[in-house]
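Participant: These protein sequence lines map, in sequence, to chains A and B.
Quick note on numbering: the working numbering labels position 294 of the first sequence as 294, and the sequence is numbered without any gaps.
Count along the second sequence from 1, then add 395; that gives the number in the working numbering.
C-beta: ideal position from N, C-alpha, C; glycine also.
One structure follows; several queries about it will come next.
2 protein chains.
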Amino acid sequence: MRLINNLKDFHLIRTCPDSRARAGELVTPHGVVLTPVFLPVGSQGAVKTLSPEEVKDTGIAMLLANTYHLYLRPGIAVVEKMGGLHKFMAWDRAILTDSGGYQIFSLAPLRQVSDEGVIFRSHIDGSQHFITPELITQFQERLSADIIMALDECPAHDDSFEKVQRAMIRTHQWAERCQKTQKRNDQALYAIVQGGIFPQLRQQSAEYLTSLGFPGYAIGGLSLGEPKKVTLVIIEETAALLPENKPRYLMGIGSPEDIIEGVARGCDLFDSALPTRVARNGAFFTWQGRHNIQNAAYSQMEQPIEPDCDCYTCRTFSAAYLHHLFSCDELLAYRLATIHNLSFISNLMHKVRDAILNGTFSSFKDNFLTNYKPTDEQTRLNQKQRWLKSRDLGE
Amino acid sequence: MRLINNLKDFHLIRTCPDSRARAGELVTPHGVVLTPVFLPVGSQGAVKTLSPEEVKDTGIAMLLANTYHLYLRPGIAVVEKMGGLHKFMAWDRAILTDSGGYQIFSLAPLRQVSDEGVIFRSHIDGSQHFITPELITQFQERLSADIIMALDECPAHDDSFEKVQRAMIRTHQWAERCQKTQKRNDQALYAIVQGGIFPQLRQQSAEYLTSLGFPGYAIGGLSLGEPKKVTLVIIEETAALLPENKPRYLMGIGSPEDIIEGVARGCDLFDSALPTRVARNGAFFTWQGRHNIQNAAYSQMEQPIEPDCDCYTCRTFSAAYLHHLFSCDELLAYRLATIHNLSFISNLMHKVRDAILNGTFSSFKDNFLTNYKPTDEQTRLNQKQRWLKSRDLGE
Numbered sequence: 001m002r003l004i005n006n007l008k009d010f011h012l013i014r015t016c017p018d019s020r021a022r023a024g025e026l027v028t029p030h031g032v033v034l035t036p037v038f039l040p041v042g043s044q045g046a047v048k049t050l051s052p053e054e055v056k057d058t059g060i061a062m063l064l065a066n067t068y069h070l071y072l073r074p075g076i077a078v079v080e081k082m083g084g085l086h087k088f089m090a091w092d093r094a095i096l097t098d099s100g101g102y103q104i105f106s107l108a109p110l111r112q113v114s115d116e117g118v119i120f121r122s123h124i125d126g127s128q129h130f131i132t133p134e135l136i137t138q139f140q141e142r143l144s145a146d147i148i149m150a151l152d153e154c155p156a157h158d159d160s161f162e163k164v165q166r167a168m169i170r171t172h173q174w175a176e177r178c179q180k181t182q183k184r185n186d187q188a189l190y191a192i193v194q195g196g197i198f199p200q201l202r203q204q205s206a207e208y209l210t211s212l213g214f215p216g217y218a219i220g221g222l223s224l225g226e227p228k229k230v231t232l233v234i235i236e237e238t239a240a241l242l243p244e245n246k247p248r249y250l251m252g253i254g255s256p257e258d259i260i261e262g263v264a265r266g267c268d269l270f271d272s273a274l275p276t277r278v279a280r281n282g283a284f285f286t287w288q289g290r291h292n293i294q295n296a297a298y299s300q301m302e303q304p305i306e307p308d309c310d311c312y313t314c315r316t317f318s319a320a321y322l323h324h325l326f327s328c329d330e331l332l333a334y335r336l337a338t339i340h341n342l343s344f345i346s347n348l349m350h351k352v353r354d355a356i357l358n359g360t361f362s363s364f365k366d367n368f369l370t371n372y373k374p375t376d377e378q379t380r381l382n383q384k385q386r387w388l389k390s391r392d393l394g395e
Numbered sequence: 396m397r398l399i400n401n402l403k404d405f406h407l408i409r410t411c412p413d414s415r416a417r418a419g420e421l422v423t424p425h426g427v428v429l430t431p432v433f434l435p436v437g438s439q440g441a442v443k444t445l446s447p448e449e450v451k452d453t454g455i456a457m458l459l460a461n462t463y464h465l466y467l468r469p470g471i472a473v474v475e476k477m478g479g480l481h482k483f484m485a486w487d488r489a490i491l492t493d494s495g496g497y498q499i500f501s502l503a504p505l506r507q508v509s510d511e512g513v514i515f516r517s518h519i520d521g522s523q524h525f526i527t528p529e530l531i532t533q534f535q536e537r538l539s540a541d542i543i544m545a546l547d548e549c550p551a552h553d554d555s556f557e558k559v560q561r562a563m564i565r566t567h568q569w570a571e572r573c574q575k576t577q578k579r580n581d582q583a584l585y586a587i588v589q590g591g592i593f594p595q596l597r598q599q600s601a602e603y604l605t606s607l608g609f610p611g612y613a614i615g616g617l618s619l620g621e622p623k624k625v626t627l628v629i630i631e632e633t634a635a636l637l638p639e640n641k642p643r644y645l646m647g648i649g650s651p652e653d654i655i656e657g658v659a660r661g662c663d664l665f666d667s668a669l670p671t672r673v674a675r676n677g678a679f680f681t682w683q684g685r686h687n688i689q690n691a692a693y694s695q696m697e698q699p700i701e702p703d704c705d706c707y708t709c710r711t712f713s714a715a716y717l718h719h720l721f722s723c724d725e726l727l728a729y730r731l732a733t734i735h736n737l738s739f740i741s742n743l744m745h746k747v748r749d750a751i752l753n754g755t756f757s758s759f760k761d762n763f764l765t766n767y768k769p770t771d772e773q774t775r776l777n778q779k780q781r782w783l784k785s786r787d788l789g790e
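Below, the structure written as structure tokens:
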């Protein structure tokens, strides 16, 4: 491993000859993170159902927490007083905090946006709050994550061109204000490219933000209900406009098949609540696709649900036991499924990276997508809508 | 440690000079269990929220599972096919299965009791079932626990003398039938003394069951709503009537203060869902009594909730973090509280045993009860009623 002389460094190690996939190293104050990398979601300072040791054991190198959630509960001052987020949640690997832009625009009722900032009501107790790019940056400095995000305005996937354009321009202004506010030099502040499903706006956004010179760039505002083909085109076009030597973070995307597509289009970081959320509904990732443990076929199966898997869950328990725990709503069930799904994704990311390093990513991708039966798009959209409606607000 | 030549052996090591407290060793096919011992409840084949490794780490040597629950879900045949309960739940220490008598009489609607057995409807799906002492014994042989329990009829705490007497006589007949049915010689079958709050019936029950010669005796039908003073008198009188050289198992009693009182009256085994159930409501055991983590005083406390405790929870997290997890209903909260409470009880049982061995149990007991502020009786009764009504059926 090379000498680490800049905590914001990102080193490209190898690029795939047949696609835009890249393998890299992202240097953080809490360790070097090998990319492509998947970040599980621990919005409220915990990856749902898991202890920090368990998250580590699944091979996860960095997780995501959320400024919006932590600001409302327990409050920035409490986390700061407890020594920052790493110490508070007993996690000594890297953390990225999202700015909370997406959450304010998707969870909080009665928000009022102005150029100055956003007034919103808490989804928890209805209390009113006013935040600005300056405040969000200061909050994230006090939370002490390794990577922090600029505040963005996230439009709905079916908003008009004009509305999306206005949100994009505001996102640019806010990114600049976040950049000017930043005082700490041991955190990397990433900007978020917006522009919805309009290639012209995505291009403007990428160019403008790139001109400001951030240590990393996120692609936001995708996978919000638009058709998957559109998502992939926008990812491909946007990623191609971002600097080669900076990490690219594809926000909110995290099914195994979508991660692979994102990697192929040149993205390096991925986060999503999907692997942990579907786990709590009994969906286990396998190399053939998602399998639901509640299926009667598992009720008497002595094998683990994925016989080749070496995660704690598969090493220790039969599929029949997992089926039983889910039947009984035993809380242990959700944990064992979460351990499996995060181990699966970690393992997948390692295989993806090895394939890029070996120059075999394209065949790995084809092979994976041939065997892995994705959840069909209508089911995905229905699940997503159910989830958004049920307001599973912790993630 | 002495030579183990009988898997049903119970060795008395020392008796307290000032009380009836005893320290012993209970030999099982899954290890020697030091008594007095507390068994956490894992009715459905899991101690709620914990993995088997975590249960072990708290120092627990034996746990309780429930024939009623496992018969309904996943079914006796499934557990048997998976290699028995130990293998099914990946627990290699001792297990005691309750016969399910108490559950049938407290959870199942529309039960009909005859001398032959019980017809009841499942609390899960309303399906109708008929069980007999013979069947319950065979079920427990197939589940493969180390200690199994005779089927008993458990009357309500305010039933009439005549009703309690009839249930007792039936319990005696059923115990005899269980004994005759037993084929395996590597499981110890314990009988359950009934007789409600009537000393005369308790005496008859103890004498009758003792005459049949079981390797252990339980005291059932207590802590069901009768005043605590009555409970203690019945425990004291009943335990005194049971053979000195056999283990005595006080069923369903498990608050720290009640366990100490039970030990002082000569009981060796204790089980209760209380330590794990109150944990999930945010109540942490401390040497001063139960403290609720949701109290605002904990919201900014950097210390662990019990600074002297060496459990995983207290070693790793501040009280403020636990307070936050409970505020957010993060599932990890319930687990961390459960780990703490079981560690506390394990630790307490070790201290109790050491005190008996050192001849200082009486002063240990006085000291403990002086510092430990028990939940007042009205609150206890209210909590118990709320729990029974809410039908938290998993425990």
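Using CA atoms only, rank isn't needed, just tell me which of A:Leu-242, A:Ala-23, A:Thr-49, A:Leu-12 is closest to Ala-337 of chain A.
Facilitator: The option with the nearest alpha carbon to Ala-337 of chain A is A:Thr-49.
Participant: In chain D, what lies closer than 7 Å to Ala-90 of chain A by C-beta?
Facilitator: No chain D appears in the structure shown, which is made up of the protein chains A and B.
Participant: According to DSSP, Arg-516 of chain B sits in a beta bridge with which residue or residues?
Facilitator: Note: Arg-516 of chain B sits in a beta bridge opposite B:Gln-523.
Participant: If you scan the stretch 2-69 of chain A from start to end, which runs of the alpha helix (DSSP H) of 4 or more residues do you find wholly inside it?
Facilitator: Entirely contained in the stretch 2-69 of chain A, the alpha helix (DSSP H) runs reaching 4 residues are, in chain order, 52-57.
Participant: Look up Ile-629 of chain B in the DSSP assignment and give the residues it is bridged to.
Facilitator: The partner list for Ile-629 of chain B (beta bridge, DSSP) is empty, contrary to what the question assumes.
Participant: Determine whether the beta carbon atoms of Thr-67 of chain A and Gly-100 of chain A lie at a separation below 7 Å.
Facilitator: Yes, the Cβ-Cβ distance between Thr-67 of chain A and Gly-100 of chain A is below 7 Å.
Participant: Could you give the DSSP three-state label for Gly-768 of chain B: helix, strand or coil?
Facilitator: Here residue 768 of chain B turns out to be Lys, not Gly, going by the sequence shown. Residue state, collapsed to three classes: strand.
Participant: Would you please state the rounded distance, in angstroms, between the beta carbons of Ala-460 of chain B and Val-432 of chain B? I believe it to be under 8 Å.
Facilitator: The pair is not a contact, with the Cβ atoms about 16 Å apart (cut-off 8 Å).
Participant: Taking C-beta pairs closer than 7 Å, name the residues in chain A that Ser-446 of chain B reaches, listed in chain order.
Facilitator: Leu-332, listed in chain order.
Participant: In the DSSP assignment, the beta strand (DSSP E) including His-291 of chain A goes from what residue to what residue?
Facilitator: His-291 of chain A -> beta strand (DSSP E) spans 289-292.
Participant: Could you tell me how far apart the beta carbons of Ile-648 of chain B and Leu-627 of chain B are, in whole angstroms, since I believe they sit closer than 8 Å?
Facilitator: Wrong, their Cβ atoms sit about 10 Å apart, outside the cutoff.
Participant: Quick one: grab the DSSP three-state call for Ser-505 of chain B.
Facilitator: According to the sequence as given, residue 505 of chain B is Leu; it is not Ser. Coil at Leu-505 of chain B, not helix or strand.
Participant: Would Arg-353 of chain A and Ala-23 of chain A qualify as a contact pair, given that the criterion is a beta-carbon distance under 7 Å?
Facilitator: Closer than 7 Å, so yes.
Participant: Within the same chain, show all residues whose beta-carbon is closer than 6 Å to that of Asn-382 of chain A, passing over the 5 residues directly before and after it, in chain order.
Facilitator: Same-chain partners within the cutoff: there are none.
Participant: Within a Cβ cutoff of 6 Å, which residues of the same chain sit near Tyr-497 of chain B, ignoring the five residues on either side of it in sequence?
Facilitator: Within the same chain, Tyr-497 of chain B has close Cβ partners Cys-549.
Participant: Is Phe-88 of chain A near Ile-104 of chain A, with beta carbons less than 7 Å apart?
Facilitator: No, these two residues do not count as a Cβ contact at 7 Å.
Participant: Using CA atoms only, rank isn't needed, just tell me which of A:Asp-98, A:Ala-191, A:Ser-114 is closest to Thr-132 of chain A.
Facilitator: For Thr-132 of chain A, the nearest C-alpha among the options comes from A:Ser-114.
Participant: Could you give the first and the last residue of the continuous beta strand (DSSP E) run that contains Ala-583 of chain B?
Facilitator: Its beta strand (DSSP E) spans residues 583-588.
Participant: Any idea what DSSP makes of Asn-382 of chain A, helix, strand or coil?
Facilitator: Helix.
Participant: Helix, strand or coil for Ile-355 of chain B per DSSP?
Facilitator: Residue numbering for chain B in the displayed model covers 396 to 790; residue 355 of chain B lies beyond these limits and cannot be assessed.
Participant: For Asp-186 of chain A, which of A:Leu-63, A:Pro-29, A:Gly-359, A:Thr-360 has the nearest alpha-carbon?
Facilitator: Among A:Leu-63, A:Pro-29, A:Gly-359, A:Thr-360, the Cα nearest to that of Asp-186 of chain A is on A:Pro-29.
Participant: Suppose the cutoff is 6 Å on Cβ atoms and the five residues either side in sequence are ignored; what does the same chain contact list for Glu-306 of chain A look like?
Facilitator: So the list reads Thr-286, Cys-314, once near-sequence residues are dropped.
Participant: Could you name the residues of chain A that Val-473 of chain B contacts, counting a contact when the two beta carbons are closer than 8 Å?
Facilitator: Those are Ser-299, Gln-300, Ala-320, His-324, listed as they occur along chain A.
Participant: Report yes or no: is there a C-beta of chain B within less than 7 Å of the C-beta of Met-82 of chain A?
Facilitator: So yes, Met-82 of chain A belongs to the interface.
Participant: Is Thr-566 of chain B near Glu-529 of chain B, with beta carbons less than 7 Å apart?
Facilitator: Not in contact: Thr-566 of chain B and Glu-529 of chain B (Cβ atoms no closer than 7 Å).
Participant: Is Asp-771 of chain B buried or exposed, if buried means 16 or more other CB atoms sit within 10 Å of its CB?
Facilitator: It is exposed - the Cβ of Asp-771 of chain B has fewer than 16 other Cβ atoms within 10 Å.
Participant: Let me confirm a value: Val-230 of chain A is counted as buried when at least 16 other C-beta atoms fall within 10 Å, else exposed. Which label applies?
Facilitator: Looking at its Cβ environment, which holds fewer than 16 other Cβ atoms inside 10 Å, Val-230 of chain A is exposed.
Participant: For Asn-461 of chain B, is the beta carbon positioned less than 6 Å from some heavy atom of the ligand ZN?
Facilitator: By its list of ligands, the structure shown contains no ligand whatsoever, and the ligand ZN lies outside what it can speak to.
Participant: In this structure, does DSSP put Ala-283 of chain A in helix, strand or coil?
Facilitator: Three-state DSSP puts Ala-283 of chain A in a strand.
Participant: Starting from Lys-48 of chain A, find everything on chain B with Cβ-Cβ shorter than 7 Å and list it in chain order.
Facilitator: Within 7 Å Cβ-Cβ: Glu-725, Leu-726.
Participant: List the whole-angstrom C-beta distance separating Arg-643 of chain B from Gly-620 of chain B, where the pair is believed to meet the contact cut-off of C-beta under 8 Å.
Facilitator: Contact flag wrong, Cβ pair sits at about 22 Å.
Participant: In whole angstroms, what separates the C-alpha of Ser-694 of chain B from that of Ala-714 of chain B?
Facilitator: In a straight line, the C-alpha of Ser-694 of chain B is about 7 Å away from that of Ala-714 of chain B.
Participant: Thinking just about the alpha-carbon of each residue, which of A:Asp-125, A:Lys-56, A:Arg-335 is nearest to the one in Asn-281 of chain A?
Facilitator: Selected option, being the one with the closest Cα: A:Arg-335.
Participant: Can the beta-carbon of Asp-663 of chain B be found less than 7 Å from the beta-carbon of Thr-430 of chain B?
Facilitator: Closer than 7 Å, so yes.
Participant: Note down, one range per segment and in chain order, each beta strand (DSSP E) of at least 3 residues found wholly within the stretch 152-201 of chain A.
Facilitator: Fully enclosed beta strand (DSSP E) runs of 3 or longer: 188-193.
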